[in-house]
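Novice: To start, I am sharing the structure in question, which I have written as structure tokens.
There are 2 protein chains.
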Amino acid sequence: MTTQQLIQQIQKKKSFLCIGLDVDLAKIPQHLLKSDDPIFAFNKAIIDATHHLAVAYKPNMAFYEAYGVKGWQSLEKTIGYLNEYHPEIFTIADAKRGDIGNTSAMYAKAFLQDLNFDSITVAPYMGKDSVEPFLAVEGKHTILLALTSNMGAFDFQTQKCCENTLYEHVLETSKTWRNAQNLMYVVGATKADYFVGIRKIVPDSFLLVPGVGAQGGNLQEVCKYGLNDNIGLLINASRAIIYASNGLDFAEKAKAEALKLQQEMQAILDTL
Amino acid sequence: MTTQQLIQQIQKKKSFLCIGLDVDLAKIPQHLLKSDDPIFAFNKAIIDATHHLAVAYKPNMAFYEAYGVKGWQSLEKTIGYLNEYHPEIFTIADAKRGDIGNTSAMYAKAFLQDLNFDSITVAPYMGKDSVEPFLAVEGKHTILLALTSNMGAFDFQTQKCCENTLYEHVLETSKTWRNAQNLMYVVGATKADYFVGIRKIVPDSFLLVPGVGAQGGNLQEVCKYGLNDNIGLLINASRAIIYASNGLDFAEKAKAEALKLQQEMQAILDTL
Chain Z
1 MTTQQLIQQI QKKKSFLCIG LDVDLAKIPQ HLLKSDDPIF AFNKAIIDAT
51 HHLAVAYKPN MAFYEAYGVK GWQSLEKTIG YLNEYHPEIF TIADAKRGDI
101 GNTSAMYAKA FLQDLNFDSI TVAPYMGKDS VEPFLAVEGK HTILLALTSN
151 MGAFDFQTQK CCENTLYEHV LETSKTWRNA QNLMYVVGAT KADYFVGIRK
201 IVPDSFLLVP GVGAQGGNLQ EVCKYGLNDN IGLLINASRA IIYASNGLDF
251 AEKAKAEALK LQQEMQAILD TL
Chain W
1 MTTQQLIQQI QKKKSFLCIG LDVDLAKIPQ HLLKSDDPIF AFNKAIIDAT
51 HHLAVAYKPN MAFYEAYGVK GWQSLEKTIG YLNEYHPEIF TIADAKRGDI
101 GNTSAMYAKA FLQDLNFDSI TVAPYMGKDS VEPFLAVEGK HTILLALTSN
151 MGAFDFQTQK CCENTLYEHV LETSKTWRNA QNLMYVVGAT KADYFVGIRK
201 IVPDSFLLVP GVGAQGGNLQ EVCKYGLNDN IGLLINASRA IIYASNGLDF
251 AEKAKAEALK LQQEMQAILD TL
């Protein structure tokens, strides 16, 4: 999917909501555990109830790998379902991978080609040659960790590095990499104060923003400083939406939570 | 496995060799492609031929995920085989994971508990709370990326950060984390000059050292500056051993390459 197609979808749905599909069998409605593939059954119900309100879905790989072969099968079915029935949706493999070149190329094959996700999250620690194999895949997007939503972001990312902080140095440096036009960045919603500075470095890039909801980030604050002329934000909510209820009404409750966020986004978009 | 058991194994085998099981179906002997599970067939043959010469095996997750569900099945069989028939071997899930706390906990479950690897490689970019869920698993080891073997290591890792460089800051900081006694570090063999400084910060820690062989690192140089009183090194070779031949003799040729490295290691150990 091109960035332009993503922007068109945002304008049509009046939403820049991404829903995180982080499925923990201990948290989903117990009646689903009887189905052949509870993870996929859960995801399908969530997608069916919310796809008109969200522009992106982001399964986090950890939650699938935690169930081994079965988890990987659920992942294949989930991305297969999205690609077949909702091709307009932007899909994100939240994998936070990054390794030496020949290894990153294998991850790029797995997620961007075989599973056919539109994008993958990647960790920058190993530098340019660990990220470029992802950037090399045509028509796909690489979402680089910049400033994450957790407390640990202050351990290294916000430390002084060269003339800036590490996350700023990651932003500046990555702009020079091959196919950098395919880069997006992860910036946590819990760090709203930092968006002004980030927009000075990457004014045009899409930012994937986790941390609204369960982690405490504020949507209004993020939008105030993070929006650009092309919207440029994907706001992710995971637990606040998918675990809104663990009863028979889980999909309806998820839809209601997604609708709240979509309406808040629509109000913001209407003022632009 | 305890660190003490690992050291005993090194002393018994007179080897601190780790063999990377990075299986690419395009590179393995073609006759194996007829078997039900070519990746496992290849790994089993390599393990059978080399387990008396190596103290650790390190499957890199990318090479299994690149084959989807089948790859994950091959991974399960490989680690299952090692745990059942060679329980003395130290096993490393080369995964380079790292995410917010509840997500890292899922990766820790997948690799250290369900698959029952002795250790996992982890990326430090997201800081303390992204690493501690791995450290929390009792009897297991977390191998944190410090200074990697690739060119991209110079993009961020060797940049000035606080009073040191970033990788030194990672070493210093991580020593203060909960259960830090379970930490080991990745330091590339291609950066032999840096081992003196690294040993000043982490004199007692085991270092996992990739980059000997295909990537050009020098074993003698690494040992000169990296060995400590408890050996403290695991030297990894992947392609140089496992792809020594792609004919019917691949396991024999792998054994011959592993033997060369083991003999070089034995000569070094004998001088201590």
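If you read the protein sequences in the order shown, they are chains Z and W. Letter 248 of the first sequence, counting from 1, is numbered 248 in this note's numbering, and no numbers are missing. Letter 44 of the second sequence, counting from 1, is numbered 44 in this note's numbering, and no numbers are missing. All C-beta atoms in this analysis are idealised placements derived from N, C-alpha and C, irrespective of residue type, glycine included.
Give me the residue from Leu208/Z, Asn230/Z and Glu252/Z with the minimum Cα distance to Ala237/Z.
Specialist: Reading the first sequence from its first residue, position 237 is the one you call residue 237/Z. Among Leu208/Z, Asn230/Z and Glu252/Z, the Cα nearest to that of Ala237/Z belongs to Leu208/Z.
Novice: Could you name the residues of the same chain whose beta carbon sits closer than 6 angstroms to that of Thr158/Z, not counting the 5 residues immediately before and after it, in chain order?
Specialist: Position 158 of the first sequence, counting from 1, holds the residue named residue 158/Z. Only Thr165 meet the Cβ criterion.
Novice: State buried or exposed for Leu272/W, treating a residue as buried only when at least 16 other CB atoms are found within 10 Å of its CB.
Specialist: Counting from one through the second sequence, the residue named residue 272/W turns up at place 272. Exposed.
Novice: So, at 8 angstroms on beta carbons, what are the nonlocal neighbours of Leu25/W in its own chain, with the 5 sequence-adjacent residues on each side left out?
Specialist: The residue labelled residue 25/W in the question sits at position 25 within the second sequence. Leu33, Pro38, Ile39 and Tyr67.
Novice: Taking the alpha helix (DSSP H) that Gly217/W belongs to, which residues open and close that run?
Specialist: Position 217 of the second sequence, counted from the first residue, corresponds to residue 217/W. Segment: none, Gly217/W is in no alpha helix (DSSP H) and carries neither H nor E.
Novice: Could you have a look at Phe117/W and say whether DSSP puts it in helix, strand or coil?
Specialist: For this step, residue 117/W is matched to residue 117 along the second sequence. If DSSP states are grouped into helix, strand and coil, Phe117/W belongs with coil.
Novice: Do Val131/W and Leu144/W come within 8 angstroms of each other at the CB atom, strictly closer than that value?
Specialist: Here residue 144/W corresponds to residue number 144 of the second sequence, with the count starting at 1. Here residue 131/W corresponds to residue number 131 of the second sequence, with the count starting at 1. Yes, the Cβ-Cβ distance between Leu144/W and Val131/W is below 8 angstroms.
Novice: Between Asn150/W and chain Z, is there a C-beta pair that is closer than 8 angstroms?
Specialist: Counting from 1 along the second sequence, the entry for residue 150/W is found at position 150. True, the Cβ-Cβ gap to chain Z drops below 8 angstroms.
Novice: Rounded to whole angstroms, what is the Cα-Cα separation between His169/Z and Phe154/W?
Specialist: Mapped onto the first sequence, residue 169/Z falls at position 169. Mapped onto the second sequence, residue 154/W falls at position 154. For His169/Z and Phe154/W, the distance between alpha carbons rounds to 13 angstroms.
Novice: Pairs of beta-carbons, one from the stretch 8-24 of chain W and one from the stretch 247-255 of chain Z, closer than 8 angstroms: are there three or more?
Specialist: Result no; under three Cβ-Cβ pairs closer than 8 angstroms.
Novice: Go through its chain and collect everything with a Cβ distance to Gly216/W's Cβ below 7 angstroms, but skip five positions before and after it.
Specialist: Stepping through the second sequence from its first residue, residue 216/W is reached at position 216. For Gly216/W, where only same-chain residues beyond five positions count, the Cβ hits under 7 angstroms are Thr190.
Novice: Label Ser74/W either buried or exposed according to how many other C-beta atoms from any shown protein chain fall within 10 Å of its C-beta, with 16 as the threshold for buried.
Specialist: Start at 1 with the first residue of the second sequence, and residue 74/W comes out as number 74. Buried, by the Cβ-count rule.
Novice: Could you have a look at Val196/Z and say whether DSSP puts it in helix, strand or coil?
Specialist: To locate residue 196/Z, count along the first sequence from 1; it is residue 196. Assignment of Val196/Z by DSSP, reduced to helix, strand and coil, places it in the helix class.
Novice: Can you name the residues of chain Z whose CB is closer than 8 angstroms to the CB of Met184/W?
Specialist: The residue labelled residue 184/W in the question sits at position 184 within the second sequence. Ordered by position in chain Z, no residue passes the 8 angstroms Cβ test against Met184/W, which lies about 16 angstroms from the chain.
Novice: Tell me which same chain residues have a C-beta within less than 6 angstroms of the C-beta of Ala105/W, skipping the five on either side of it?
Specialist: Numbered from 1 along the second sequence, position 105 holds the residue referred to as residue 105/W. Excluding positions up to five away in sequence, the list reads Pro133.
Novice: Which runs of the beta strand (DSSP E), 3 residues or longer, sit entirely within the stretch 139-214 of chain W?
Specialist: 141-147, 183-187 and 207-209
Novice: Relative to the C-alpha of Ala49/Z, which residue among Glu252/Z, Ser35/Z, Asp270/Z and Ser174/Z is closest?
Specialist: Taking the first sequence and counting its residues from 1, the one referred to as residue 49/Z is at position 49. For Ala49/Z, the nearest C-alpha among the options comes from Glu252/Z.
Novice: Kindly indicate if chain Z contains any beta-carbon less than 8 angstroms away from that of Ala123/W.
Specialist: The residue given as residue 123/W occupies position 123 in the second sequence. Chain Z contact via Cβ: present.
Novice: For chain Z, find out if any of its Cβ atoms is closer than 8 angstroms to the Cβ of Arg97/W; answer yes or no.
Specialist: As a first step, residue 97/W is located in the second sequence; it is residue number 97 there, counting from the start. Chain Z, which has a Cβ nearer than 8 angstroms to the Cβ of Arg97/W, makes this yes.
Novice: Does Leu259/Z get closer than 8 angstroms to chain W when you measure Cβ to Cβ?
Specialist: By one-based count along the first sequence, residue 259/Z stands at place 259. Not one chain W Cβ lies under 8 angstroms of Leu259/Z.
Novice: How many angstroms separate the CA atom of Pro59/Z from the CA atom of Asp94/Z?
Specialist: On the first sequence, residue 59/Z is found 59 positions in, with the first residue counted as 1. On the first sequence, residue 94/Z is found 94 positions in, with the first residue counted as 1. When rounded, the distance between both Cα atoms is 6 angstroms.
Novice: Let me confirm a value: Gly232/Z is counted as buried when at least 16 other C-beta atoms fall within 10 Å, else exposed. Which label applies?
Specialist: Taking the first residue of the first sequence as 1, we reach residue 232/Z at position 232. Burial call: buried.
Novice: Just reading off the alpha helix (DSSP H) that Thr103/Z is part of, what are its end residues?
Specialist: The residue given as residue 103/Z occupies position 103 in the first sequence. Residues Gly101 to Ala108.
Novice: Output the distance between the C-alpha atoms of Gly188/W and Glu84/Z, rounded to the nearest integer angstrom.
Specialist: Numbered from its first residue, the second sequence carries residue 188/W at position 188. Numbered from its first residue, the first sequence carries residue 84/Z at position 84. Gly188/W and Glu84/Z: Cα-Cα distance of roughly 43 angstroms.
Novice: Using the three-state DSSP reduction, which class does Asp48/Z fall into: helix, strand or coil?
Specialist: Counted from its first residue, the first sequence places residue 48/Z at position 48. Looking at Asp48/Z - three-state DSSP - the assignment turns out to be helix.
Novice: Determine the burial state of Ser15/W: buried for a count of at least 16 other Cβ atoms within 10 Å of its Cβ, exposed for fewer.
Specialist: Looking up residue 15/W in the second sequence gives position 15. Result: buried.
Novice: Just reading off the beta strand (DSSP E) that Ile19/Z is part of, what are its end residues?
Specialist: For the purposes of this step, residue 19/Z is taken as residue 19 along the first sequence, with counting starting at 1. Segment Leu17 to Leu21, the beta strand (DSSP E) holding Ile19/Z.
Novice: Compare the C-beta of Val23/W with all C-beta atoms of chain Z and state if any pair is closer than 8 angstroms.
Specialist: Reading the second sequence from its first residue, position 23 is the one you call residue 23/W. For Val23/W, the answer is no, since every Cβ of chain Z falls outside 8 angstroms of its Cβ.
Novice: Val202/W: which of Gly213/W, Ile89/W, Glu221/W and Asn230/W sits nearest, CA to CA?
Specialist: Position 202 of the second sequence, counted from the first residue, corresponds to residue 202/W. Of the listed residues, the one whose Cα sits closest to Val202/W is Asn230/W.
Novice: Throw me the rounded Cβ distance for the Leu135/Z and Leu183/Z pair, which I believe falls under 8 angstroms.
Specialist: Counting from 1 along the first sequence, the entry for residue 135/Z is found at position 135. Counting from 1 along the first sequence, the entry for residue 183/Z is found at position 183. The pair is a contact, with the Cβ atoms about 7 angstroms apart (cut-off 8 angstroms).
Novice: Just curious, the alpha helix (DSSP H) that Ala66/W is in, first and last residue?
Specialist: In the second sequence, the residue the question calls residue 66/W occupies position 66. In the DSSP assignment, Ala66/W falls outside any alpha helix (DSSP H) and carries neither an H nor an E.
Novice: Opposite Ile92/Z in the DSSP bridges: which residues?
Specialist: Stepping through the first sequence from its first residue, residue 92/Z is reached at position 92. Within the DSSP bridge table, the entry for Ile92/Z names Ser119/Z as partners.
Novice: Which residues mark the beginning and the end of the alpha helix (DSSP H) in which Pro133/W is found?
Specialist: As a working mapping, residue 133/W is identified with position 133 in the second sequence. Segment Lys128 to Leu135, the alpha helix (DSSP H) holding Pro133/W.
Novice: Would you kindly work out how many angstroms separate the C-alpha atoms of Tyr57/Z and Asp193/W, rounded to a whole number?
Specialist: On the first sequence, residue 57/Z is found 57 positions in, with the first residue counted as 1. On the second sequence, residue 193/W is found 193 positions in, with the first residue counted as 1. In a straight line, the C-alpha of Tyr57/Z is about 45 angstroms away from that of Asp193/W.
Novice: Taking 6 angstroms as the limit between beta carbons, can you name the residues of its chain near Leu6/W, skipping five residues before and five after?
Specialist: For the purposes of this step, residue 6/W is taken as the residue at position 6 of the second sequence. So the list reads Phe90, once near-sequence residues are dropped.
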